[in-house]
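**Student:** What follows is a single structure, and I will ask about it in a moment.
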Amino acid sequence: MGNFQFLTLVMHLACTETRVLLDDYKDEDDIKRIEFKNEDEKSKLENKQKRIQEILPICFEIIEFMISILVQYSEYDNEESIIKDNVIYNTLKNNNINSKWILSFREALSETILALMEFITEKEIYKDTQNIKKIDNMIVLLSTKVLSSWLSEDIEMYKKEIKFVIPALIEIVKIRPKSIDFMPINNISLVFSEITSNEEYQEIFINEGGIKTLLFFMDNNNITLNDITVLNILITLINIVMLNPDHIKSNKTQWKKIIKYYNKYSYTKVIGLSVIRLINSECNTKEEKQ
């Protein structure tokens, strides 16, 4: 078996295993609700869940690697330049990896992404139970990380499903995880910047409190955001300014907060000026005039 045949096998197995394990996964709250016949039955289920928590992160790493391959291959294959200096692209080409092979990867990945979306969408139950462990656990957060990696590249493929996952992503992004060292906003912000370029998705985002959530991150000095996350948040807000001016006009107080970001992030002036124009406000402070 050649190296790439082995790689193909591993990636397809990772996708299949992920779908199966997500279906079998139960968190601590789920286990507490089960009425076991005896301790042996409970022990078997707990051991099964332990295995799931060990195997799924490995599968997720393989899938994320798979996504990076697909993204880089697609980017370089679409370039007009004859010279291709990307290592992954050249390696794939040198091993006669063709569009059929890539399509096979995408199909396997597509089924897995649908499973991840269904899994994460179910976590919106957190809003009803207020049990933070429903979303602050390793499997949910790593699932979100993988899902965000792919949705930021290909949202059009999931037009129907994305509407249902937006509320769950907004809930997940609000938490400060204790289960693992992971800040959801750093991954999900890119998805927000993509979905808000669509009017239908943007409306859902607004109705679910997405704007308030983003402003919280921008306002909170105790949270350090990386530059890419900040840029994604600002792109999201710009999308709303451009596509939904009526919302700006009817929520003047909320949107005036954007103005104070001039000093903190110089490129917010574009959105700030748009907001000022829409709400017909005047610059009253030195900060606003800068």
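Numbering follows the working numbering, in which position 190 of the sequence shown is assigned residue number 175; successive positions increment by one, without gaps. Ideal placement from N, C-alpha and C gives every residue a C-beta, glycine not left out.
1) Measure how close the beta-carbons of T214 and I170 come, nearest whole angstrom, since I'm counting them as under 8 Å.
2) Applying the 10 Å Cβ sphere with the 16-neighbour rule, what's the burial state of F21?
3) Can you give me the Cβ contacts of V56 inside the same chain, cut-off strictly under 6 Å, excluding the 5 residues immediately before and after it?
4) When you compare only the Cα positions, how much space is there between K11 and Q34?
5) What residue range does the alpha helix (DSSP H) around I208 cover?
6) Could you check where the alpha helix (DSSP H) with Y186 kicks off and where it finishes?
7) What residue range does the alpha helix (DSSP H) around P230 cover?
8) For K144, which of P162, L99, F201, L(-2) has the nearest alpha-carbon?
9) Using DSSP with H/G/I as helix, E/B as strand and the rest coil, what is R91?
10) Kindly indicate which residue of L(-2), V150, Q187 has the alpha-carbon position closest to the one of N229.
11) Which residues in the same chain have their Cβ closer than 6 Å to the Cβ of S133, if we skip the five residues on either side of it in sequence?
12) Just to confirm my understanding: we take T106, look at its own chain, exclude 5 residues before and 5 after, and list those with CB closer than 7 Å. What are they?
13) Can you grab the Cα-Cα spacing for the pair T276 / H(-3), in whole Å?
14) Note down, in chain order, each residue of its chain lying with its Cβ closer than 7 Å to the Cβ of D165, except the 5 sequence neighbours on either side.
15) For V5 and D14, what's the separation of their Cα atoms in angstroms?
16) Judging by CA-CA distance, which residue of I191, T3, K17 is the nearest neighbour of I48?
17) What's the call for K108, buried or exposed, on a 16-neighbour Cβ count within 10 Å?
**Tutor:** Per the coordinate set shown:
1) 6 Å
2) exposed
3) E138
4) 7 Å
5) Neither: I208 is in no alpha helix (DSSP H) and is coded neither H nor E.
6) 184 to 192
7) 230 to 235
8) L99
9) helix
10) Q187
11) N172, I173, V176
12) F149, V150, A153
13) Missing from the structure shown is residue 276; the chain here goes from -14 to 275 and no further.
14) Before going further, note that residue 165 is Ile rather than Asp in the sequence given. Contacts found: M123, L126.
15) 20 Å
16) T3
17) buried
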